[in-house]
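Each remark here refers to the structure printed beneath this line.
In our numbering, the protein residues as written are 15 to 441.
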């Protein structure tokens with residue numbers, strides 16, 4: 015698989031950002047090793063451009079008439095290789111050369127048809143959509159692998175998604191011009207498209223995991239048969255007799271939840287535990303806010319319905335844990351892409367210094383999509399663009415675009431405070 019041309023730019027005027035981005039992708043399309051006949055475009059814009067989304071899509075699709083399919087969304091920040099754009103007008107574009115019978119663009123007004131057998135899917139969603147969690151689970155069931163990746167659009171103005179298929183319109187969307195609000199949209203991929211995806215979470219447990227033994231919807235009433243509030247106060251080393259200090263600690267604390275089946279598997283040892291001894295969370299742990307305390311029932315309210323049997327651990331966002339876990343998932347992806355015996359060209363490409371790490375097909379990565387939490391980003395990792403720089407150092411200078419989301423999607427779960435890294439491979 016050839017490298018996917020990509021570009022990104024920031025400018026107060028979207029027209030200038032678009033021209034700068036187009037110049038980058040056109041230059042790459044002329045280079046050896048890059049795709050020269052792409053069919054699918056992934057477009058991400060910051061919310062500074064949200065009101066001009068239709069104009070941007072119309073302009074780019076007119077400038078790239080060979081591209082028949084478009085997908086993407088808006089974020090308070092967007093990602094590109096080695097760079098992130100937060101609180102500034104910017105766009106990122108990646109052009110994918112994929113067999114047209116191996117993917118389908120879909121949207122709320124033009125759902126995925128029965129004639130296409132989806133293996134995985136890239137999902138862009140609107141957080142205001144009713145029953146969103148159920149829609150995500152339903153979409154996962156419509157894929158062979160049960161694996162989705164993507165995130166919720168994030169915007170301080172209009173929330174938009176891009177979805178264009180075929181000759182300018184997805185069958186069934188009528189006169190719609192490819193910019194939507196609400197629901198789900200994205201790209202379903204067939205089994206012929208090789209993807210490797212990993213989830214990274216940047217929270218560190220502050221104490222051991224507990225089992226929920228009594229709960230009422232969002233309120234956890236008992237942990238290990240003790241009042242949940244008492245367990246939390248003990249784990250966090252705080253007291254309600256000093257309310258100001260306790261409130262500050264609780265506000266900085268989250269809960270990691272593993273559903274009952276996952277918790278049982280982990281505790282029984284038949285699977286990797288949801289919360290590892292090293293401190294990092296498994297893929298089945300959902301990180302959620304603490305939304306209230308119930309002194310009367312000695313309960314703790316969290317932003318997720320909880321059932322007895324769920325594994326719960328109190329945790330806090332931690333920059334060092336986030337950095338270490340991001341490096342870990344990048345290493346896992348590289349490990350999966352590296353066969354036991356590599357040709358000399360691939361060895362040189364994979365182990366080149368950062369200065370020499372230009373995109374190279376020998377790495378086996380044609381392009382990558384990174385969806386990270388809007389609460390992460392460079393400042394959480396130590397400086398501007400630090401999160402994306404970690405990925406570049408680990409994977410090399412591969413084509414990459416993405417956005418900073420209001421919630422991240424992986425498998426059939428909706429996460430928070432995570433990053434979802436997915437690469438297209440030629441293997």
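Ideal Cβ positions, reconstructed from N, Cα and C, are used throughout, including at glycine.
Short Cβ contact (8 Å threshold) for residue i with residue j
i, j, result
"residue 17", "residue 424", "no"
"residue 58", "residue 21", "no"
"residue 136", "residue 53", "no"
"residue 413", "residue 95", "yes"
"residue 221", "residue 227", "no"
"residue 67", "residue 178", "no"
"residue 234", "residue 313", "yes"
"residue 84", "residue 71", "yes"
"residue 126", "residue 415", "no"
"residue 224", "residue 315", "no"
"residue 351", "residue 384", "no"
"residue 199", "residue 122", "yes"
"residue 341", "residue 404", "yes"
"residue 243", "residue 162", "no"
"residue 402", "residue 93", "yes"
"residue 321", "residue 229", "yes"
"residue 61", "residue 195", "no"
"residue 399", "residue 98", "yes"
"residue 82", "residue 180", "yes"
"residue 426", "residue 150", "yes"
Unbroken alpha helix (DSSP H) run spanning residue i, endpoints
i, result
"residue 244", "242-250"
"residue 351", "333-351"
"residue 177", "Counting along the chain, residue 177 falls outside any alpha helix (DSSP H), though it belongs to the beta strand (DSSP E) covering 175-178."
"residue 39", "28-43"
"residue 403", "400-409"
Run of the beta strand (DSSP E) containing residue i, from where it starts to where it stops
i, result
"residue 73", "It is not in any beta strand (DSSP E) - residue 73 instead sits in the alpha helix (DSSP H) that spans 67-77."
"residue 266", "Careful: residue 266 lies outside any beta strand (DSSP E) and carries neither H nor E."
"residue 147", "Segment 146-155 is the alpha helix (DSSP H) holding residue 147; no beta strand (DSSP E) there."
"residue 219", "217-219"
"residue 231", "Run containing residue 231: none; DSSP gives neither H nor E here."
Same chain, Cβ closer than 7 Å to residue i, five either side skipped, listed in chain order
i, result
"residue 218", "293, 329, 330, 332, 335"
"residue 31", "23, 24, 25, 103, 104, 105"
"residue 319", "231, 232"
"residue 337", "395, 404"
is_contact[residue i, chain B] using C-beta, thresh 8 Å
i, result
"residue 238", "As a matter of chain content, chain B is missing from the structure shown, which is built from one protein chain."
8 Å contact criterion, which residue i and residue j should meet: CB distance rounded
i, j, result
"residue 395", "residue 89", "About 17 Å separates the two Cβ atoms, so there is no contact after all."
"residue 19", "residue 42", "4 Å"
"residue 268", "residue 212", "Actually they do not touch by this definition, with Cβ atoms about 21 Å apart."
"residue 214", "residue 339", "5 Å"
Spatial neighbours of residue i in its chain, beta-carbon cut-off 6 Å, leaving aside the 5 residues before and after
i, result
"residue 166", "139, 141, 419, 420, 421"
"residue 201", "85, 117, 119, 136"
"residue 114", "53"
Sequence-distant residues of the same chain with beta carbon closer than 8 Å to residue i, five excluded per side
i, result
"residue 110", "18, 49, 52, 53, 54, 55, 56, 380, 381, 438"
Inset, instruction - Would you be able to state if there are at least three C-beta pairs under 8 Å between the segment 125-142 and the segment 151-163? - result: Touching, per the Cβ criterion.
Legend entry - Any 3 or more C-beta pairs closer than 8 Å across the segment 248-259 and the segment 346-353: No, the segment 248-259 does not touch the segment 346-353.
Legend entry - the segment 387-402 touching the segment 426-433, judged by at least three CB pairs closer than 8 Å: Three or more Cβ pairs closer than 8 Å define a contact, and the segment 387-402 meets that threshold against the segment 426-433.
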